[in-house]
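Be aware that the sequence shown starts at 35, since it is given in the working numbering, and climbs by one per residue. To keep things clear, I will list the structure first and then write my remarks on it.
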Amino acid sequence: MDVTELWTEIVRWLSEHAPVTAAALRPPVPPPDLAELEAEFAVELPAELRELWLCCGGTDANVLADVLPPFYTPYSAAEALQAWRDHRKHWAAQWERPACDYYAGSPGSSFHPAWIPIAGDGFADELVVDLRPGPLRGCVLEWEQEAAQVLRPEWKGVAAMLLDVRRALTEGVPAGHSYPTVTEDGRLDWQIR
């Protein structure tokens, strides 16, 4: 299945089972200018990430919708760009090279410019797509702000992440290290086990 099909199935499931979470999600209106994003990021975006931003517009400002485990709200392309710019301000202030290996999927102890944020927890942790070179280019990492690190890839790519989420929602199995539950008020929540 492709990213658009997976996202559509996730949103459909949320609409039926977690309507408050579903209501927080927005379509990408207007569609993002992906060429402009690539120019600013100075990397070519993988097809899966391009496709995600053409079907997912994030949420209304300051509204959390923990669609991605264990507690991440998807970013629109504009929100991803702003998060990346915020990280860039930190790099400029530090005047230092990121403490990361050159290859995608390798651990790191500072935020790398080739990590493109795709979801946040409302504080400072994020899911990022790793666009460093190598066989794992396009994998999804979990950036932990407090520890200032990523350890290992969580998923091989955006489609693998969404497939894992769809499977968790429809079959009640874990996605990564989290199980989906729905609160009494109709919100998707992920329980870490």
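Glycine residues also receive a C-beta, built at the ideal position from the N, C-alpha and C atoms. Model, not experiment: these values are computed from the prediction.
query                                                                                                : result
Reduced DSSP category for Cys-134 - H, G, I as helix; E, B as strand; rest coil                      : strand
Residue nearest to His-124 in terms of C-alpha spacing, selected from Val-184, Val-162, Phe-145      : Phe-145
Under the three-state DSSP convention, the category Thr-55 falls into                                : helix
Spatially closest choice to Arg-227 from Glu-218, His-211, Arg-221, Asp-219, by CA coordinates       : His-211
Where Pro-64 falls, given that 16 or more other Cβ within 10 Å makes a residue buried                : exposed
Sequence-distant residues of its chain with Cβ nearer than 7 Å to Arg-221 (five each side left out)  : Ala-52, Val-54, Thr-55
Stretch-stretch touch, CB-based, cutoff 8 Å, three pairs: the region 179-190 with the region 132-142 : yes
Any 3 or more C-beta pairs closer than 8 Å across the region 86-97 and the region 107-121            : yes
Beta-carbon separation (whole angstroms), Val-199 vs Pro-103, contact threshold 8 Å                  : 7 Å
Candidates Thr-42, Arg-119, Glu-50: closest to Glu-85 by CA position                                 : Thr-42
Same chain, Cβ closer than 8 Å to Val-216, neighbours up to 5 away in sequence not counted           : His-51, Ala-52, Leu-222, Asp-223
Same chain only: Cβ atoms within 6 Å of Gly-168, ignoring 5 sequence neighbours per side             : Tyr-137, Ala-138
Opening and closing residue of the alpha helix (DSSP H) in which Leu-86 lies                         : 81-89
Distance between beta carbons of Leu-170 and Trp-149, contact taken as under 8 Å                     : About 12 Å; that fails the 8 Å criterion.
Reduced DSSP secondary structure (H/G/I, E/B, other) of Ser-49                                       : helix
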